[in-house]
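> Chains as they are written, first to last, in the numbering used here: chain Y, 493 to 688; chain G, 493 to 688.
Where a beta carbon is used, it is the ideal one built from N, C-alpha and C, also for glycine.
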DNA sequence: CTTAAAGTAGACCAGTCAGTCTATTGTTTT
DNA sequence: AAAACAATAGACTGACTGGTCTACTTTAAG
């Protein structure tokens, strides 16, 4: 009843299709087809499409959190350099997916938070966990004197996360990482600075 | 064949439903039901759902551009105050819609730009027109000495628009305008400042 | 008064949706 | 070996999708 190769295959295919097309536009049959699993198995592992969607979110969040920790809590690297690497990784991914996919959590947040409170809560939690990772890194930067303490790390983390998500969205419609570059440039030039 | 009350009713209802539920989740029948128009009329005015969606975008953009001009090109008001008013209006709207709707263009950009190039192009154009309105206002601010000229107005406009869109997205999943407040606060405190 | 076109009206179509059902196969446990 | 359960398999259902079709009504032109 727990973990299983078939279940994993379903979640993997689902994450891929949902990333590309969105939740509503991705039919269960399409997921089944891409991984060659019959419908009976799907409803053996998941009670509904919503249940499946939540599992996709959960798994993506868990996997993404690992890379987030590796990037933002690497104490061998100066805090602002960690942030730079995070942005660079995001830009690379955006380029790799031909500017079509973006951020799964951001996509679903936009599509589903007005549609289902269950999804909204789940996505909100993911965002909040991400913000905490940023807070941790920003606190390091403040105590080490790299940035001023005129703003709380929490507010700064919110600023960075929302700005970055917005830049990703804009990059999708523009089919260019230019908005992401602009965001990063101005952020490091005027916000993440030491002097008051 | 041109403008008509029925056509307008369809677009109005469509804009409302699509704002709330998204494009894919909004069926044509639902639109027809909310404004009491039969299907025959719909396909008399629009050749397809995509055609309809584009008309909804076009009309929203035209109407929104008016308020944008009124806010950002009001020469009787200092440039930064114009921006403040723009953000205040956005916050008020977000509150009025119970944090559920957000920005129609942003929503559709997220949902459709990976799905249809036609939509992506249309939405991209709208964003670019908006950016130009910001550029105009920021140039005023620079020439009047309110903000430094270390960054091009174009890059700044991109930064503001993407940051704001991201804040709206985050406000939807959080059901609070807090991210929008954080964005505005830090923007005026550290980015839109005169000194180098 | 006639005729053509614009617009209204909704039954209808093939296809797809999420979800159900029964039957069968694999794998343990006893 | 047998019973119990997990998992596979896919045909099937009713509701709904975007879109088509024909019939009817209104408006305007000649």
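Which of the three DSSP states, helix, strand or coil, is assigned to residue 599/Y?
Residue mapping note: residue 599/Y aligns to position 107 of the first chain, counting from 1. Of the three classes helix, strand and coil, the one that applies to residue 599/Y here is helix, per DSSP.
> Give the DSSP-derived three-state secondary structure of residue 638/G in the structure shown.
The residue given as residue 638/G occupies position 146 in the second chain. Of the three classes helix, strand and coil, the one that applies to residue 638/G here is coil, per DSSP.
> Roughly how many angstroms lie between the CA atoms of residue 635/G and residue 497/G, to the nearest whole one?
Here residue 635/G is taken as the residue at index 143 of the second chain, counted from 1. Here residue 497/G is taken as the residue at index 5 of the second chain, counted from 1. Straight-line Cα distance between these residues: approximately 45 angstroms.
> Any beta-carbon of chain Y closer than 8 angstroms to the one on residue 671/G?
Residue mapping note: residue 671/G aligns to position 179 of the second chain, counting from 1. Against chain Y, the CB of residue 671/G has a partner CB under 8 angstroms away; the residue lies at that interface.
> How about residue 622/Y: is its C-beta nearer than 8 angstroms to some C-beta of chain G?
Here residue 622/Y refers to the residue found at position 130 when the first chain is read from its first residue. Closer than 8 angstroms: no.
> Below 7 angstroms between beta carbons is the criterion; list the residues of the stretch 536-565 of chain Y that meet it against any residue of chain G, in chain order.
The stretch 536-565 of chain Y vs chain G, Cβ under 7 angstroms: nothing.
> Using beta-carbon positions only, say whether residue 515/Y and residue 603/Y come within less than 8 angstroms of one another.
Counting from one through the first chain, the residue named residue 515/Y turns up at place 23. Counting from one through the first chain, the residue named residue 603/Y turns up at place 111. Result yes, Cβ atoms of residue 515/Y and residue 603/Y sit closer than 8 angstroms.
> If you draw a straight line from the alpha carbon of residue 652/Y to that of residue 573/Y, how long is it in whole angstroms?
Within the first chain, residue 652/Y is the residue found at index 160, counting from 1. Within the first chain, residue 573/Y is the residue found at index 81, counting from 1. Spanning the two alpha carbons is a distance of roughly 15 angstroms.
> If contacts are defined as beta-carbon pairs under 8 angstroms, then residue 580/G and residue 664/G qualify, I think. What distance do you get, rounded to the angstrom?
Locating residue 580/G in the second chain gives position 88, where the first residue counts as 1. Locating residue 664/G in the second chain gives position 172, where the first residue counts as 1. Approximately 18 angstroms separates the beta-carbon atoms of residue 580/G and residue 664/G; this is outside 8 angstroms, ruling out the contact.
> Suppose contacts are defined by Cβ-Cβ distances below 8 angstroms. Is residue 582/G in contact with residue 661/G by that definition?
By one-based count along the second chain, residue 582/G stands at place 90. By one-based count along the second chain, residue 661/G stands at place 169. Taking 8 angstroms as the cut-off, the beta carbon of residue 582/G is found no closer than this to the beta carbon of residue 661/G.
> Under three-state DSSP, which class holds residue 589/Y?
As a first step, residue 589/Y must be located in the first chain, where it is residue number 97. It is coil, neither helix nor strand.
> Which residues in chain Y have a C-beta closer than 7 angstroms to the C-beta of residue 433/G? List them in chain order.
The displayed coordinates of chain G run from 493 to 688. Any statement about residue 433/G would go beyond what the structure contains.
> For residue 507/Y, go through chain G and note every residue whose CB falls closer than 8 angstroms to its CB, in chain order.
Residue mapping note: residue 507/Y aligns to position 15 of the first chain, counting from 1. What residue 507/Y touches in chain G: nothing, since even the nearest Cβ is about 14 angstroms away.
> Contact criterion: CB-CB distance below 8 angstroms. Does residue 494/G meet it with respect to chain Y?
Taking the first residue of the second chain as position 1, residue 494/G is located at position 2. With a pLDDT of only 49 at residue 494/G, under 50, the local geometry of the prediction cannot be trusted, and the value read off the model is given with reservation. No, residue 494/G does not count as interfacial toward chain Y.
> Looking at residue 615/G: is its Cβ nearer than 8 angstroms to the Cβ of residue 549/G?
Taking the first residue of the second chain as position 1, residue 615/G is located at position 123. Taking the first residue of the second chain as position 1, residue 549/G is located at position 57. In contact: residue 615/G and residue 549/G (Cβ atoms closer than 8 angstroms).
> Following the continuous alpha helix (DSSP H) through residue 515/Y, name the residue where it begins and the one where it ends.
Translated into positions along the first chain, residue 515/Y becomes position 23. It is not in any alpha helix (DSSP H) - residue 515/Y carries neither H nor E in the DSSP assignment.
> Measure from the C-beta of residue 619/Y to each C-beta in chain G and report whether the shortest distance is under 8 angstroms.
One-based indexing of the first chain puts residue 619/Y at position 127. Answer yes: the Cβ-Cβ gap between residue 619/Y and chain G drops below 8 angstroms somewhere.
> Can you tell me whether residue 645/Y is buried or exposed, with buried defined as 16 or more other CB within 10 angstroms of its CB?
Taking the first chain and counting its residues from 1, the one referred to as residue 645/Y is at position 153. Buried.
> Output needed for residue 650/G: all residues of its chain with C-beta closer than 8 angstroms, excluding positions within five of it in sequence on either side, in chain order.
Reading the second chain from its first residue, position 158 is the one you call residue 650/G. If you ignore the 5 residues before and after residue 650/G, its C-beta comes within less than 8 angstroms of the C-beta of 623, all in its own chain and listed in chain order.
> Would you call residue 605/G buried or exposed, if buried means 16 or more other Cβ atoms sit within 10 Å of its Cβ?
For the purposes of this step, residue 605/G is identified with residue 113 of the second chain, where counting begins at 1. By the 16-neighbour rule on beta-carbons within 10 angstroms, residue 605/G is buried.
> Would you kindly work out how many angstroms separate the C-alpha atoms of residue 507/Y and residue 631/G, rounded to a whole number?
In the first chain, the residue the question calls residue 507/Y occupies position 15. In the second chain, the residue the question calls residue 631/G occupies position 139. Their Cα atoms are separated by approximately 43 angstroms.
> Candidates 577/G, 626/G, 659/G and 654/G: which alpha carbon is nearest residue 672/G's?
What you label residue 672/G is simply residue 180 of the second chain in a count that begins at 1. Measuring from the Cα of residue 672/G, the nearest candidate turns out to be 659/G.
> Spatial neighbours of residue 554/G within its chain, please: CB distance less than 8 angstroms, with the 5 preceding and 5 following residues excluded, ordered by chain position.
Counted from its first residue, the second chain places residue 554/G at position 62. Result list for residue 554/G: empty, nothing under 8 angstroms.
> May I ask you to report which of helix, strand or coil DSSP gives residue 570/G?
Within the second chain, residue 570/G is the residue found at index 78, counting from 1. If DSSP states are grouped into helix, strand and coil, residue 570/G belongs with coil.
> With DSSP run on the structure shown, which of helix, strand or coil describes residue 481/Y?
This structure cannot settle anything about residue 481/Y, because the visible part of chain Y is limited to 493 through 688.
> Output yes if chain G places a C-beta closer than 8 angstroms to the C-beta of residue 634/Y; else output no.
The residue labelled residue 634/Y in the question sits at position 142 within the first chain. Taking CB atoms only, residue 634/Y has no neighbour in chain G less than 8 angstroms away.
> Looking at the structure shown, is residue 618/G part of a helix, part of a strand, or coil, going by DSSP?
The residue given as residue 618/G occupies position 126 in the second chain. In the three-state DSSP reduction, residue 618/G falls in the helix class (H, G or I).
> Determine the contact status of residue 545/Y and residue 611/Y, defining contact as a CB-CB distance below 8 angstroms.
On the first chain, position 53 is the one that residue 545/Y refers to. On the first chain, position 119 is the one that residue 611/Y refers to. A distance below 8 angstroms separates the beta carbons of residue 545/Y and residue 611/Y.
> Apart from the five residues on each side of it in sequence, which residues of its chain come closer than 6 angstroms, Cβ to Cβ, to residue 676/G?
As a working note, residue 676/G is residue 184 in the second chain. Cβ neighbours of residue 676/G beyond the five flanking positions: 579.
> Give the residues from the stretch 596-614 of chain Y that approach chain G closer than 8 angstroms (Cβ to any Cβ), ordered along the chain.
598, 599, 601, 602, 603, 605, 606, 607 and 612
> For residue 691/G, does the count of other Cβ atoms within 10 angstroms reach 16, so buried, or fall short, so exposed?
Residue 691/G cannot be examined here, being either before or after the span of chain G that is shown, 493 to 688.
> Which runs of the beta strand (DSSP E) at least 3 residues long sit entirely within the stretch 494-563 of chain G? Give them in chain order.
none
> What is the DSSP secondary structure of residue 687/G, reduced to helix, strand or coil?
By one-based count along the second chain, residue 687/G stands at place 195. Coil at residue 687/G, not helix or strand.
> Hey, quick one: how far does the alpha helix (DSSP H) through residue 665/G stretch, first residue to last?
Position 173 of the second chain, counted from the first residue, corresponds to residue 665/G. Counting along the chain, the alpha helix (DSSP H) containing residue 665/G begins and ends at 645-666.
> Under 7 angstroms Cβ-Cβ, which residues of chain G neighbour residue 616/Y?
Along the first chain, one-based indexing puts residue 616/Y at 124. Those within 7 angstroms of residue 616/Y in chain G are 665 and 666.
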